[in-house]
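Visitor:
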Amino acid sequence: MKKNLYKPDLMEVLDVQRQTPDVKSVRLRFRDGDRARDFSFRVGQFGQFSVFGSGEATFNICSSSTWKDYIEFCFRRTGRVTETLWQIEKGDTLGFRGPYGNGYPMEEWEGRNLIFIGGGIAMPPIRCAVWYALENRAKYGDITIVYGARTVADLTYADELDEWSKHERVRVIRCVDPGGETPDWKGEIGLIPAVLERAQVPAENAIALVIGPPIMIKFTLPVLDRMGLPEEDIYTSLENRMKCGVGKCGRCNAGPVYVCKDGPVFTMKQLRSIPNDF
Amino acid sequence: MSAAIPVAALRELIAGWIGQGKLVAAPVQVGDRLLYQALASAQDAVFDARRRPANSIKEFFFPRHEPIFRYRIEGKEIALAEVAPQEREQIVIASKPCDAAALPILDHVFNWDFEDSFYTARRARTTVVSLACQAHDDACFCTSLGSGPEDESGSDAMLHDLGDGQFEVRAITEKGGALFPDRAGKSGDTPGPSCRMAGSPPNEQFDPARVARYLAANFESPPWKDLTLACLGCGVCAYTCPTCHCFDIVDEGNAAGGARVKNWDSCQFPLFTLHASGHNPRAVQPQRQRQRLFHKFLIYPRKFGTVLCTGCGNCERNCPVGLGVLKVLQAIDDEAKRLDEKEPLQA
Amino acid sequence: MTQRLRETARRLLQEGKVQVVIGYGPSKPGAAAPPVLITRPEDADKLEWNGRCFANLAVYLTRKEVKALGKAAVVVKGCDEKALVVLEKESQIDRAALSVIGMVCEGVGTPRAAKCASCQVRVPRFADEVIGEAAQPAAAAPGPNGLDRLMAKSPAERWAFWKTEFARCVKCYACRQVCPLCYCERCIADKNRPVVIDTSATPKGNFAWHITRAFHLAARCIGCGECTRACPAGIPLGLLNQALAQATEEDFGYRPGMDPQAEPVFGSWSPADKEDFIR
Amino acid sequence: MTAAFEPKIIAYVCNWCTYLGADLAGTNRLEYAPNVRILRLPCTGRIDFNLIVKAFEMGADAVLVSGCHPGDCHYTAGNFHARRRWMLFRRLLEALGIETERVHFTWISAAEGKKWQQVIGEITEKTRQMGPYEAYRELCVGQASACLAGSVESEAAE
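Protein chains in written order, with the working numbering: chain G, 1 to 278; chain Z, 1001 to 1347; chain V, 2001 to 2279; chain S, 3001 to 3158.
1. Between GLN2019 (chain V) and chain Z, is any beta-carbon pair separated by less than 8 Å?
2. Run through the region 153 to 239 of chain G for me and flag every whole beta strand (DSSP E) of 3 or more residues, listed as ranges in chain order.
3. Considering only the beta carbon of each residue, do GLY3045 (chain S) and ASN3079 (chain S) sit closer than 8 Å?
4. Might you give, ordered along the chain, the residues of its own chain that have their beta carbon closer than 6 Å to the beta carbon of ILE1332 (chain Z), omitting 5 neighbours on each side?
5. Report, in whole angstroms, the separation of the C-beta atoms of ARG1011 (chain Z) and GLN1037 (chain Z), which I expect to be a contact under 8 Å.
6. Straight-line CA distance for TYR2060 (chain V) to ARG2229 (chain V)?
7. What's the gap between the Cα of LEU94 (chain G) and the Cα of VAL1083 (chain Z)?
8. So, with DSSP's three-state summary, where would you put GLU1082 (chain Z)?
9. Count the other CB atoms within 10 Å of the CB of ASP1248 (chain Z); is the residue buried (16 or more) or exposed (fewer)?
10. Please report the residue range of the beta strand (DSSP E) in which ASP1107 (chain Z) lies.
11. Is GLU83 (chain G) close to chain V, meaning its C-beta is less than 8 Å from at least one C-beta of that chain?
12. Look up TYR3032 (chain S) in the DSSP assignment and say whether it is helix, strand or coil.
13. Buried or exposed, going by whether 16 or more other CB atoms sit within 10 Å of the CB of PRO1193 (chain Z)?
14. Our contact map puts CYS252 (chain G) next to VAL246 (chain G) with C-beta atoms below 8 Å; I'd like the distance itself, whole angstroms only.
15. Check the DSSP bridge columns for GLY1258 (chain Z) and list the partner residues they point to.
16. Could you tell me if MET2298 (chain V) is buried or exposed, where buried requires 16 or more neighbouring beta carbons within 10 angstroms of its beta carbon?
17. Alpha carbon to alpha carbon, how far is PHE2266 (chain V) from GLU12 (chain G)? Give it in angstroms, no decimals.
18. I want to verify the contact list: residues of chain S whose CB lies under 7 Å from the CB of ASP2148 (chain V), in sequence order.
19. Does the Cβ of ASN1055 (chain Z) have 16 or more other Cβ atoms within 10 Å, making it buried, or fewer, making it exposed?
20. Near TRP109 (chain G), which residues of its chain fall below 6 Å by C-beta distance, leaving aside the five closest residues on each side in sequence?
21. Taking three-plus beta-carbon pairs below 8 Å as touching, is the region 2110 to 2128 of chain V in contact with the region 2092 to 2102 of chain V?
22. Could you name the residues of the same chain whose beta carbon sits closer than 8 Å to that of VAL1328 (chain Z), not counting the 5 residues immediately before and after it, in chain order?
23. ALA254 (chain G): which of Z:GLU1252, Z:CYS1267 and Z:THR1243 sits nearest, CA to CA?
24. Please name the residues in the region 2181 to 2206 of chain V whose beta-carbon is closer than 7 Å to at least one beta-carbon of chain G, in chain order.
25. What does ARG80 (chain G) touch in chain V if you count any residue whose Cβ is under 7 Å from its own?
26. Are VAL210 (chain G) and TRP164 (chain G) touching if we call contact CB-CB under 8 Å?
27. Applying the 10 Å Cβ sphere with the 16-neighbour rule, what's the burial state of CYS2184 (chain V)?
28. Can you look up PHE266 (chain G) in the DSSP assignment and give me helix, strand or coil?
29. Starting from THR20 (chain G), trace the beta strand (DSSP E) in both directions and tell me its first and last residue.
30. If you reduce the DSSP assignment to three classes, tell me which class GLN1020 (chain Z) lands in.
31. Suppose the cutoff is 7 Å on Cβ atoms and the five residues either side in sequence are ignored; what does the same chain contact list for LEU229 (chain G) look like?
32. Alpha carbon to alpha carbon, what distance is there between LYS2067 (chain V) and ILE2222 (chain V)?
33. If you measure beta-carbon to beta-carbon, which residues of the region 1052 to 1080 of chain Z are closer than 8 Å to chain V?
34. By DSSP's criteria, VAL2265 (chain V) is part of a beta bridge. Which residues make up the other side?
35. Does VAL2257 (chain V) have its Cβ less than 8 Å from a Cβ in chain Z?
36. Just confirm the distance between the C-beta atoms of PHE52 (chain G) and ILE1068 (chain Z), as a whole number of angstroms; I'd bet it's less than 8 Å.
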């Protein structure tokens, strides 16, 4: 009987954490022992997570590929699947299909300075790369993390931001939109492009990973350009609507690429060849 | 040339196959429409080399609805179960060559890296016997894509209508020959006298390579914008098209369990690309029509080397506003020709 | 009539009274005249008028791509015009901003469509400009139509009939997209919290869809027949709407799209409604 | 027949009248058939025709829709609108060949506990004679697509 491409692995929910008023993170472990043992993925890859009876949804795997005993993903409460996900608790069973997509070229980034720029709920796809880099610290130069959200409460993995800043040659710049700060807020206030400009991050021998709503990317690119970062060193992860994740259902086709197979990680240079259809 | 087979003998063969429990599909007259359907009896099959059914044979390889696995919910536990594998052999007879030609095109996407076992299993256990065309209408454009009324690609055997109810069978694959033991000639035999196309095959209406070159350079300012304004955004063109293969995956069932199912879907529907955030990269209908053209005539050829279209004309014939792709392709081809005369587009 | 239609269209566009004229274009022999949206005066000569002008062009008036073009002129037959009456009654179009070009119609289709045999609106009644004169008197009484044959069957036979017909439905939603009165931004069939209508083209999903489609047009459908004509599987969907139209006339004496002042059936109520099945 | 057939009846009732009527039957210890499953909605005006279809999809053998008498509606005109809806919806069910004898409509006020008991008894008995509503349930079994007479093989039901 040929392998059923669409049948997920059953996963046990180990832990559910509330990150923000409408974002939760979930830790999963494969119920099937050997599958758990020989499962591997590259940071930046995504998977199709099943809530049986509601459907599947596409989320990045936001745990580092070096952590073997669980995988983690984050979701915001917006639609049918995420509404049901909001109710799950420890011990429930979910499904997982993957890993899919090309993931970040961590090998190519070795020896480079890493600039991670995330907006809103973009931290999960960045977090996995940060932890991977920190666990292979010697391979990478300076790490700068610029992360912003609408309000302080909307910052996902806020506790880890502190932890990261304790590592040497790691600089964490947090910001919230004007009016989103709390009285004791010590981070920056402003939109990410402006905060990035003020941060004067050195750009030589650096790569940047920019993830967030299209509007944020649109205004961040010129800043990176002014910093002197060439387009082939600026990466992003596209968030098309997806269903199969394996280049069959046609949903994520944008211009010449199937985002689920040829992406989701692209350089800005590659994005130039993709018409504005994503 | 092999001995001619009367249509009555073909119906006996079909009755035999049905008797053996095989699923046999053929064009069937349903009211005023000719539609491919699974045959209840051999008498229903219509052998008409001059008319094109309104739907396509993709239904028997990539059905409109298909459970892909079952799940049972028991408290916190979930039990998954494969859908019972079907070994039932299928035979599609009197298929149009432009339907059969779609199969090798679809094989690319369904086997690209990951193999869709549902499609490949059906493909393996289905034999396609096509019927060479003897007439076309002005929606047909198979010749513009290098295909034609006697294109054998995708077919396991081909019938040629010799007139007054007599047919000649040509085996193309060993599977096809097995259906007509010692009665089938070989493909490439000189066609019988009355095999000549009644009218000429449809003349070539556009050059796919030039259209692809033009599309690659003109994403933003297409000449066909006014044409596609008339599109109402239904799924007729995609669902009656032999090569359209996009699908949706949803769960269906109740609190006790159910099935995850694969359903046909179309890039013409807004939900196809609607993001959870509410952003829709293709918010208006002309953008979706553009996607259908780009995917078929630029993206698929570049990725898999073959145009995602066989020129059957179903999209134009069935379209409630008579749009389809041919009219738009001709508008593009004219524009591209005009530009070529001025300064040739680099390849 | 075609010549006057083109002149009217060119004038409206040149004067800038409208930005788009929605009419019928040239068609291949035997095919239905395709709708065309003319935005430039010089394209007015593309407009056609003949017996194959089936489409109900009122469907374009509620689409955002067309509204974005600005003020519109729409070519309508008498039956299409009834859709304008319903759309206005349901506050979906601003009649004052719309230019209606009414065409006198002798009936479409060869042989003539069933709806035309019993047509009482050969001459459009509310158009800004009417083109053509009514040559023949109003049509004779209609012959037996599909609905009588359907209702003559027993319930079990009808159930078997619809099971066979709906088995061919592939959920392409052409019946919804061609209907001028199916203008919901997001149709109930496209909603999934909760899933009222399965998206799958299964017997269950198809019945749920066609029951909902027909009933959401109850006492609204004007009988233009486009849903039946658009169905690629040849399902006689219009029969369900005809059954509801007959019931609407018998129970409430209301014929959709005829009287702009009449209160819509579901939009109003009356203690005097008579029925015999509520205990 | 294995176990005697026990019809499954779904009752969509309005919160202000019929639900209280049913409650009154309970407080008066008026016994009525347990076959009915009561679903409370604010008003008959809110009882959508899709709920009736959904009930049959999920295996109901009969559906009762009941609310305030005309004039008693807590929202003034909810039941008048509902009445118009049912008048036309029944005709659509007839045209489709759906058994309209399995769809019951009644007005039951908060004081008519007795009438509730009677109505439920009548419907249960009548439905028991008519037997299970196999026709609609058959549509929904196994989700096999019988569209092309077996083009998609019907799986062995679990």
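Every residue, glycine too, gets a C-beta built ideally from N, C-alpha and C. These figures come from a predicted structure and were not determined experimentally.
Guide: The answer reads as follows:
1. Stepping through the third sequence from its first residue, residue 2019 (chain V) is reached at position 19. No, GLN2019 (chain V) does not count as interfacial toward chain Z.
2. Listed in chain order, the complete beta strand (DSSP E) runs (minimum 3 residues) inside the region 153 to 239 of chain G are 170 to 176, 206 to 211 and 234 to 237.
3. As a first step, residue 3045 (chain S) must be located in the fourth sequence, where it is residue number 45. As a first step, residue 3079 (chain S) must be located in the fourth sequence, where it is residue number 79. For GLY3045 (chain S) and ASN3079 (chain S), yes; Cβs fall inside 8 Å.
4. Sequence index remark: in the second sequence, residue 1332 (chain Z) carries index 332 (1-based). These residues qualify, in order along the chain: VAL1211 and TYR1214.
5. Residue 1011 (chain Z) sits at position 11 when you count from the first residue of the second sequence. Residue 1037 (chain Z) sits at position 37 when you count from the first residue of the second sequence. Actually they do not touch by this definition, with Cβ atoms about 16 Å apart.
6. For this step, residue 2060 (chain V) is matched to residue 60 along the third sequence. For this step, residue 2229 (chain V) is matched to residue 229 along the third sequence. Going by C-alpha positions, TYR2060 (chain V) is about 17 Å away from ARG2229 (chain V).
7. Numbered from 1 along the first sequence, position 94 holds the residue referred to as residue 94 (chain G). Numbered from 1 along the second sequence, position 83 holds the residue referred to as residue 1083 (chain Z). Roughly 19 Å between the two C-alpha positions.
8. Residue numbering aside, residue 1082 (chain Z) sits at position 82 when the second sequence is read from its first letter. Residue state, collapsed to three classes: strand.
9. The residue you call residue 1248 (chain Z) lines up with position 248 of the second sequence. That one is buried.
10. Sequence index remark: in the second sequence, residue 1107 (chain Z) carries index 107 (1-based). No beta strand (DSSP E) contains ASP1107 (chain Z), which is instead part of the alpha helix (DSSP H) from 1102 to 1111.
11. Here residue 83 (chain G) corresponds to residue number 83 of the first sequence, with the count starting at 1. Yes, its Cβ sits closer than 8 Å to a Cβ of chain V.
12. Looking up residue 3032 (chain S) in the fourth sequence gives position 32. Residue state, collapsed to three classes: coil.
13. The count along the second sequence starts at 1 and reaches residue 1193 (chain Z) at position 193. Residue confidence is low: PRO1193 (chain Z) scores 47 on pLDDT, short of 50, so the model does not pin down where it sits. Its coordinate-derived value is still stated next. The C-beta of PRO1193 (chain Z) has fewer than 16 other C-beta atoms within 10 Å across all chains shown, which makes the residue exposed.
14. Position 252 of the first sequence, counting from 1, holds the residue named residue 252 (chain G). Position 246 of the first sequence, counting from 1, holds the residue named residue 246 (chain G). Incorrect: roughly 10 Å between the Cβ atoms, too far for contact.
15. Reading the second sequence from its first residue, position 258 is the one you call residue 1258 (chain Z). DSSP output for GLY1258 (chain Z) lists Z:TYR1071 and Z:GLY1253 as bridge partner(s).
16. No information on residue 2298 (chain V) is available, as it lies outside the stretch 2001 to 2279 that chain V covers here.
17. Here the question's residue 12 (chain G) lines up with position 12 in the first sequence. Here the question's residue 2266 (chain V) lines up with position 266 in the third sequence. Cα to Cα, the separation comes out at about 50 Å.
18. Indexing the third sequence from 1 puts residue 2148 (chain V) at position 148. Within 7 Å Cβ-Cβ: nothing; ASP2148 (chain V) doesn't reach chain S, min ~12 Å.
19. For the purposes of this step, residue 1055 (chain Z) is taken as residue 55 along the second sequence, with counting starting at 1. Its Cβ being crowded by 16 or more others within 10 Å, ASN1055 (chain Z) is buried.
20. Position 109 of the first sequence, counting from 1, holds the residue named residue 109 (chain G). ILE207, listed in sequence order.
21. Touching, yes.
22. Residue mapping note: residue 1328 (chain Z) aligns to position 328 of the second sequence, counting from 1. Short of 8 Å from the beta carbon of VAL1328 (chain Z), and not among the five residues preceding or following it, lie these beta carbons of its own chain, in chain order: TRP1224, LEU1227, THR1228, GLN1289 and LEU1293.
23. As a working note, residue 254 (chain G) is residue 254 in the first sequence. From the listed residues Z:GLU1252, Z:CYS1267 and Z:THR1243, the smallest Cα separation to ALA254 (chain G) is found for Z:CYS1267.
24. Within the region 2181 to 2206 of chain V, the residues whose Cβ lies closer than 7 Å to some Cβ of chain G are ASN2192 and ARG2193, listed in chain order.
25. Position 80 of the first sequence, counted from the start, is the residue given in the question as residue 80 (chain G). Neighbours of ARG80 (chain G) on chain V, chain order: ASN2192 and ARG2193.
26. Taking the first sequence and counting its residues from 1, one reaches residue 210 (chain G) at position 210. Taking the first sequence and counting its residues from 1, one reaches residue 164 (chain G) at position 164. Not closer than 8 Å, so no.
27. Numbered from its first residue, the third sequence carries residue 2184 (chain V) at position 184. With fewer than 16 Cβ atoms within 10 Å of its Cβ, CYS2184 (chain V) is classed as exposed.
28. On the first sequence, position 266 is the one that residue 266 (chain G) refers to. In this structure, PHE266 (chain G) counts as strand in the three-state DSSP scheme.
29. Mapped onto the first sequence, residue 20 (chain G) falls at position 20. In the DSSP assignment, THR20 (chain G) falls within the beta strand (DSSP E) that extends over 9 to 20.
30. Walking along the second sequence from the start, residue 1020 (chain Z) turns up at place 20. Coil at GLN1020 (chain Z), not helix or strand.
31. Position 229 of the first sequence, counted from the start, is the residue given in the question as residue 229 (chain G). Excluding positions up to five away in sequence, the list reads ALA203, ALA206 and ALA208.
32. In the third sequence, the residue the question calls residue 2222 (chain V) occupies position 222. In the third sequence, the residue the question calls residue 2067 (chain V) occupies position 67. Rounded to whole angstroms, ILE2222 (chain V) to LYS2067 (chain V) spans 23 Å at the Cα level.
33. Within the region 1052 to 1080 of chain Z, the qualifying residues are ALA1054, ASN1055, ARG1064 and HIS1065.
34. For the purposes of this step, residue 2265 (chain V) is taken as the residue at position 265 of the third sequence. None; VAL2265 (chain V) has no bridge partner.
35. In the third sequence, residue 2257 (chain V) corresponds to position 257, counting from 1. It should be pointed out that residue 2257 (chain V) corresponds to Gly in this sequence rather than to Val. No, no contact with chain Z.
36. Residue 52 (chain G) sits at position 52 when you count from the first residue of the first sequence. Residue 1068 (chain Z) sits at position 68 when you count from the first residue of the second sequence. That belief does not hold up - the Cβ atoms of PHE52 (chain G) and ILE1068 (chain Z) are roughly 13 Å apart, past 8 Å.
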